[in-house]
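Encoded as structure tokens, the structure appears first; notes follow it.
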Amino acid sequence: AVFCGHCEHCRRGDTQRCPQRKAFGISKDGAFADYVVTREEALHRLPDHVSFQEAAMTEPLAVAVHAVMERSCLCRGQVALVTGPGTIGQLVVQVARAAGACVVLSGTTQDKDRLELAQRLGADHIVFSDQQDVCDAVDLITGSRGADAAFECAGITAAVRDCLASVCKGGEVVQVGLTGRRIKLSYDDICLKEITLKGSFTHNHQTWAKAVALLSESNVDLGPLISGEFPIEEWQQAFDLCEKGAGLKYLLYPDAKSLEE
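Heads up: the sequence shown begins at 2 in the working numbering, then just goes up one per residue.
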């Protein structure tokens, strides 16, 4: 992403809040270009042992790092609820586990494969929200205390409600997923339980440094989240798979030769 570098947010290092921020491939062209010009200070050096496949996953990893390590107060030994087993939810699980937390991940029976993958990658407990009440499941795990923190990564009303109902008194809810619409919620739990509700959006330069450190120290496993690799000429096939919800992340290579290597 590019940012102005001189607004109050940029001066504090919170470049994700810059009013002029533009992300490549979203609000700025260049994601599929051969070359992109950017500021030197916006770059990060990857350790030699980190593969380009892992490097391509650094951006979503940084989203998870920002949510867990910068927007929450999650500590070792605490319990975290994560709703939504998509790519970001999977990565939030791994970052929370790397922080020493016990992690509960919820999804529906339609997400069975993703939930089982998350369990193989470190989730301590999985909950099928269409078969069991998430709050009840968290109570069973915590002895009715509730989760210390909840990370909402699904972007749906039911998941937001599950987070508010499942955190303990004085707990926190970090909203990571975008709903794309207005939702109806009762804010009573926020007041009665003194819940801290925070938003989490993308990442900044410091976040990327933390994400690269996690990669360098092998504290996260990104390979299983890559569902396929395509030459860039076959981008439509990869996009179609994403729209169908098949798999998690797909990588595009500049040419077929790069894919073979």
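No residue lacks a Cβ here, since even glycine has one placed at the ideal position from N, Cα and C.
- Per DSSP, the unbroken alpha helix (DSSP H) holding Ala119 starts and ends at 113-121.
- Lys29 counts as exposed, since fewer than 16 other C-beta atoms from the protein chains shown sit within 10 angstroms of its C-beta.
- Taking a cut-off of 8 Å for Cβ pairs, the stretch 16-36 and the stretch 191-209 touch, as three or more such pairs fall below it.
- Residue pairing for Glu230: DSSP places it in a beta bridge opposite Leu252.
- His50 and Gly224 have their C-alpha atoms spaced approximately 14 Å apart.
- The way I'd put it, the stretch 92-105 does touch the stretch 72-80; three or more beta-carbon pairs between them come closer than 8 Å.
- For the 8 Å CB-CB criterion, Ala34 and Thr84 do not form a contact.
- One thing to note: His10 has its Cβ no nearer than 8 Å to the Cβ of Ser201.
- The stretch 144-163 makes contact with the stretch 174-188, as at least three CB pairs between them are under 8 Å.
- Within the stretch 171-220, the complete beta strand (DSSP E) segments at least 3 residues long are 197-200, listed from N- to C-terminus.
- Here Leu193 is exposed. Its C-beta has fewer than 16 other C-beta atoms within 10 Å.
- DSSP, reduced to helix, strand and coil, places Cys74 outside both helices and strands of the structure shown, so it counts as coil.
- For Leu62, the uninterrupted alpha helix (DSSP H) segment begins and ends at 59-66.
- Judged by pairs of C-beta atoms under 8 Å, the stretch 104-117 does not touch the stretch 181-192, as fewer than three such pairs exist.
- Annotation: the continuous alpha helix (DSSP H) that includes Gly90 extends over 88-99.
- Leu215 and Val221 have their C-alpha atoms roughly 6 Å apart.
- For the set Val174, Ala57, Arg12, Asp163, the Cα lying nearest the Cα of Asp134 is the one of Asp163.
- Taking 8 Å as the cut-off, the beta carbon of Pro48 is found no closer than this to the beta carbon of Ser219.
- For the 8 Å CB-CB criterion, Thr39 and Val64 do not form a contact.
- Around the Cβ of Arg77, a 10 Å sphere holds fewer than 16 other Cβ atoms; the residue is exposed.
- Taking Thr158 as the centre and dropping the five residues before and after it, the same chain places the C-beta of Ile184 closer than 6 Å to its C-beta, in chain order.
- Nearest C-alpha to Val139 among Gly123, Ala247, Val104, Ala119: Val104.
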